[in-house]
Amino acid sequence: MYSRKEVFKKGMHDAIPIMLGYFAVGFSLGIAAKNAGLTPFQGFVTSFLGNASAGEYVAFSIIAAQGTYLEMAIGTLITNARYLLMSASLTQKIDENTSLFHRMLVAFDITDELFGLGIANIASYGPFYMYGAYLMAIPGWSLGTMFGVIAGNLLPGRIVSALSVALFGMFMAIIIPPCKNDSKLRILVLLSFAISFLWDLIPFFQVVSSGTKTIILTLIISSGAALLWPRKEDDNA
Amino acid sequence: MHNTWIYIAVMAIVSYIIRALPLTLIRRPITNTFVKSFLYYVPYVTLAVMTFPAILSASNSMIAGLAAFVIGVILSWRQASLLQVSVICCVAVFIIECFI
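So the sequences go chain by chain: A and B.
Going by the working numbering, 224 is the number at position 224 of the first sequence; the sequence numbering is gapless.
Whatever position you read off the second sequence (first residue = 1), add 237 for the working numbering.
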C-alpha cells in the first residue's frame, strides 16, 4: 500500500504536462471569454468551475449572443455529455468502497486528459492520486483563462486576431488524428463540417444562435451515427 | 440583458451534475449500445461543428481563417501535437494578415 502523501505526489508529478497544456488551452479560451465580454475574474471562475474546453467555448458563445439560461443549460449538457460516459467508466475502476464524499470530489475535474490518467491509475492509487493531478491541472486551466482575458485586453488587435484561431487548432488536433485509422470517424467529421457549413448558408437558420446550432447538429448527427454504426463492446470508447 | 454570473452558475452546476451523477450512482457498466455509441460520437461531431465554418470568421480575414483551417487539418492528420497545431495556426493567421 502507498501512503496518501505518496500517491498525491505521484498524481502531481504525472499531471505536469497536463498543467502546461491546460495553461495554453485555457489562455486561448480566455481570448474567447474576452470577446464575449467577460472580466478576467469571470474567466477564472468559469474555468475553475467548468473544466471543459468545448463546453466553456459554447458557454462563452451563448453569453456573447445573450442567449437564454435554458440554452446555456442544454448547451453545457450536450457539449459535456461525454463526461457522463467517462464518469460512468470510472465507476468501473474506482474501489467500490470509496465514500460518497471522495466520489463527489473525484467527479469535479473529469476531463478528457484527467480521465485518461484516472482510468489508468485510480484502481491502484485511489482518489488522492487524482487530487494531486487536480492540484496541478486546475490552476493551470483557470489561471491560463484569466491571463488569456487580460492578454486579450492588452495585446494589439492583430495578435488577438491570430490567437482567435488557437482553440480551433486544438479542436482539430483532438478530432482529426483518430480519423486516420477509422473510416467511419473520417466520414462523420467531414459530414459534420459540411452540414455545419450548409447550415450557415441557409438564411432561415440565421435566427438560431450558434450555441443552439451546435446542440441541434450534435444531437442529430451523433444519433444518426450511433444508429448507423453502433460501437461494439470491444471498441474503445 | 442577462447576468453573466447566472450564466456561469448554470454552466457550473450542469457541468458538475453530469460528472457527479454516474460516479456517485452507477455501480454497474452502461450496456445500452445506442447510448454508448452516441456518447462516443458526440465529441467528434460537437468539435467539428464548432470549428467549421466558425474558424473562417474568427480572425480579421477570411482568407487567413481558411489557411489556418487547411493547415490545421494537415498538421493534425500528420499527428502534430495539440500545442503545435494550435501555435502554427496562429502564426499562419498572423503572417497572412500582415500581407492583407
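All C-beta atoms, glycine included, are put in the ideal place defined by N, C-alpha and C.
Computed from a prediction, not measured in an experiment: that's the story for all the values here.
- Taken in chain order, the complete alpha helix (DSSP H) segments of 4 or more residues contained in the region 279-337 of chain B are 299-314, 319-336.
- The CB of valine 330 of chain B comes closer than 7 Å to the CB of Ser161, Ala162, Val165 in chain A, given here in chain order.
- Note on geometry: alpha-carbon atoms of methionine 248 of chain B and threonine 79 of chain A lie some 11 Å from one another.
- A direct Cα-Cα distance of roughly 14 Å separates glycine 37 of chain A from valine 58 of chain A.
- Every alpha helix (DSSP H) of 4 residues or more that sits fully in the region 32-73 of chain A is shown, in chain order, as 40-50, 53-64.
- Of the other Cβ atoms in all chains shown, 16 or more fall within 10 Å of the Cβ of isoleucine 110 of chain A; this residue is therefore buried.
- Cα atoms of threonine 214 of chain A and leucine 188 of chain A: separation of roughly 15 Å, rounded to the nearest angstrom.
- The beta carbon of glycine 126 of chain A sits closer than 7 Å to the beta carbons of Val7, Asp95 from its chain, once the five residues preceding and following it are set aside; these are given in chain order.
- No Cβ-Cβ contact shorter than 8 Å links glycine 30 of chain A with alanine 166 of chain A.
- Here DSSP, grouped into helix, strand and coil, assigns serine 124 of chain A to helix.
- Across the structure, alanine 120 of chain A and alanine 246 of chain B are spaced so that their CA atoms are roughly 32 Å apart.
- Per DSSP, aspartate 14 of chain A is one residue of the alpha helix (DSSP H) stretching across 4-14.
- By the Cβ neighbour-count rule, glycine 67 of chain A is buried, with 16 or more other Cβ atoms within 10 Å of its own.
- In this model, threonine 212 of chain A and methionine 12 of chain A are separated by some 38 Å (Cα to Cα).
- Residue contact with chain A for methionine 299 of chain B: absent (no Cβ-Cβ distance below 8 Å to any residue of chain A).
- Going by C-alpha positions, threonine 76 of chain A is about 15 Å away from alanine 65 of chain A.
- Per DSSP, the continuous alpha helix (DSSP H) segment holding phenylalanine 101 of chain A begins and ends at 100-107.
- Below 8 Å, enough C-beta pairs join the region 275-294 of chain B and the region 177-193 of chain A to call them touching: three or more.
- For a Cβ distance threshold of 7 Å, residue set Ser222, Ser223, Ala226 of chain A lies close to phenylalanine 275 of chain B, ordered along the chain.
- Interface flag for valine 45 of chain A against chain B is set, since a Cβ pair is found closer than 8 Å.
- Taking 8 Å as the upper bound for CB-CB distance, lysine 93 of chain A and alanine 52 of chain A are not in contact here, some 21 Å apart.
- Here glycine 116 of chain A is exposed, its C-beta having fewer than 16 other C-beta atoms within 10 Å.
- Leucine 276 of chain B counts as buried, since no fewer than 16 other beta carbons sit within 10 angstroms of its beta carbon.
- Taking CB atoms only, valine 189 of chain A has a neighbour in chain B less than 8 Å away.
- The C-beta of phenylalanine 101 of chain A has fewer than 16 other C-beta atoms within 10 Å across all chains shown, which makes the residue exposed.
- Among the residues of chain B, those whose CB is under 7 Å from the CB of phenylalanine 197 of chain A are Phe289, Pro290, following chain order.
- Its chain contains Glu334, Ile337 as the residues whose beta carbon lies nearer than 6 Å to that of serine 298 of chain B, once the 5 sequence neighbours on both sides are disregarded; these appear in chain order.
- Taking the Cα positions, phenylalanine 193 of chain A is about 25 Å away from glutamate 113 of chain A.
- The Cβ of methionine 130 of chain A sits no closer than 8 Å to any Cβ of chain B.
- Between the alpha carbons of leucine 105 of chain A and valine 45 of chain A lies a distance of about 18 Å.
- Asparagine 80 of chain A sits in coil when the DSSP states are folded into three classes, being neither helix nor strand.
- Assignment of serine 164 of chain A by DSSP, reduced to helix, strand and coil, places it in the coil class.
- Following the DSSP letters along the chain, one finds phenylalanine 193 of chain A inside the alpha helix (DSSP H) bounded by residues 183-201.
- For a Cβ distance threshold of 9 Å, nothing in chain B lies close to valine 149 of chain A: the least Cβ distance comes to about 12 Å.
- Among the residues facing chain A, leucine 303 of chain B is not included, as its CB has no counterpart in that chain under 8 Å away.
- For a Cβ distance threshold of 9 Å, residue set Ser223, Ala226, Leu227, Pro230 of chain A lies close to phenylalanine 271 of chain B, ordered along the chain.
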